[in-house]
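Contents: one structure, followed by commentary.
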């Protein structure tokens with residue numbers, strides 16, 4: 454103790470006394486954070502540091518359906534607390550007035566009986582049906598002498614009899630002209646070969662060899678046949694240029710006398726139907 458003077462001892466005693474009066478270490482505001490705690494806790498802490506009694510906490514009752522815009526006007530209450538509102542009790546509904554059920558039933562029965570006994574208006578009479586016999590003939594038809602009235606029974610019965618009808622049929626029979634059939638004129642030779650005559654002059658089927666032919670490629674045969682628009686035209690040219698005995702263009706490679714698939718059975722069937 455010799456190294457410590459009176460002044461040092463006094464400072465130590467003062468420090469011990471201050472520690473005893475404070476009741477503990479001072480709170481560390483930095484460690485607990487600033488601005489993130491509850492407002493009420495912050496107010497209590499500030500009052501404790503100032504040595505004042507803690508403020509009274511404001512208690513609010515939040516109704517379940519309170520509008521968010523309602524606010525408390527008391528400055529001591531936080532602004533975010535909603536205003537407590539109490540809904541007014543609904544007004545009592547007056548009981549329904551008693552109705553005269555018997556009177557209403559009697560009035561309804563009387564109205565129904567009045568409708569039943571009321572006279573029913575007679576329905577309008579339907580127009581008389583118009584028949585073809587009674588329908589008048591249009592005036593335009595009568596005035597037109599060029600229009601026939603053979604379908605008008607009254608008009609025909611007034612001017613025709615059984616005797617006059619027989620005379621008219623006899624006159625028409627006498628005026629009938631019968632045209633006798635004549636021979637078909639011969640086809641001029643300068644017109645060339647006729648495929649119909651050639652079809653009727655043959656009887657063998659398509660594909661049956663009747664004439665000698667030189668070998669010819671299928672490609673050449675098809676190429677030459679494509680030069681004609683129809684098989685009849687190919688057969689006509691074939692007959693006019695040496696066919697069916699000779700085949701210069703290879704239109705009939707199988708030697709049946711029919712060029713490019715021409716079929717004579719169509720003309721044979723038509724001739725047979727005409728004869729029958």
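In the numbering used here, the protein residues as written are 454 to 729.
Glycine residues also receive a C-beta, built at the ideal position from the N, C-alpha and C atoms.
Just so we're clear, the structure is a prediction, and the values are computed from it rather than from any experiment.
Buried or exposed by the 16-neighbour rule on C-beta atoms within 10 Å, applied to residue i
i	result
residue 526	Reliability fails at residue 526, whose pLDDT of 46 lies under 50, so the model's placement of it is uncertain and no value is given.
residue 645	exposed
residue 634	exposed
residue 709	buried
residue 524	Its pLDDT being 49, under 50, residue 524 is placed unreliably by the model, and the measurement read from it follows with that caveat. By the neighbour-count rule (16 or more Cβ atoms within 10 Å), residue 524 is not buried but exposed.
residue 704	buried
residue 606	exposed
residue 565	exposed
residue 609	exposed
residue 561	exposed
residue 680	exposed
residue 783	No answer is possible for residue 783: the residues shown for the chain start at 454 and end at 729.
residue 648	buried
residue 652	buried
residue 533	With a pLDDT of 49 at residue 533, under the threshold of 50, the predicted position of this residue should be treated as unreliable, though the coordinate-derived value follows. Exposed, because fewer than 16 other Cβ atoms sit within 10 Å of the Cβ of residue 533.
Closest by C-alpha distance to residue i, when choosing among the options
i	options	result
residue 669	707, 721, 692	707
residue 654	717, 641, 628, 637	717
residue 721	492, 664, 650	650
The alpha helix (DSSP H) enclosing residue i, as first and last residue numbers
i	result
residue 684	684 to 693
residue 493	492 to 503
residue 606	606 to 612
residue 727	718 to 728
Cβ-heavy atom distance, residue i to the ligand MG, below 7 Å
i	result
residue 729	Of the ligands one can find in the structure shown there are none, so the ligand MG has no counterpart to examine.
CB contact below 8 Å: residue i versus chain C
i	result
residue 685	Looking for chain C here will not work: only one protein chain is present.
Using 8 Å as the Cβ pair cut-off and three pairs as the minimum, do the stretch 617 to 637 and the stretch 693 to 708 touch?
Contact between the stretch 617 to 637 and the stretch 693 to 708 is absent, because fewer than three Cβ pairs lie under 8 Å.
Unbroken stretches of the alpha helix (DSSP H), 4 residues or longer, contained in the stretch 628 to 679:
Listed in chain order, the complete alpha helix (DSSP H) runs (minimum 4 residues) inside the stretch 628 to 679 are 648 to 654, 671 to 678.
Any 3 or more C-beta pairs closer than 8 Å across the stretch 710 to 720 and the stretch 682 to 691
Between the stretch 710 to 720 and the stretch 682 to 691 there are three or more C-beta pairs closer than 8 Å, enough to call the two in contact.
Is the stretch 658 to 666 close to the stretch 676 to 689, with three or more CB pairs under 8 Å?
By the criterion of at least three beta-carbon pairs nearer than 8 Å, the stretch 658 to 666 is not in contact with the stretch 676 to 689.
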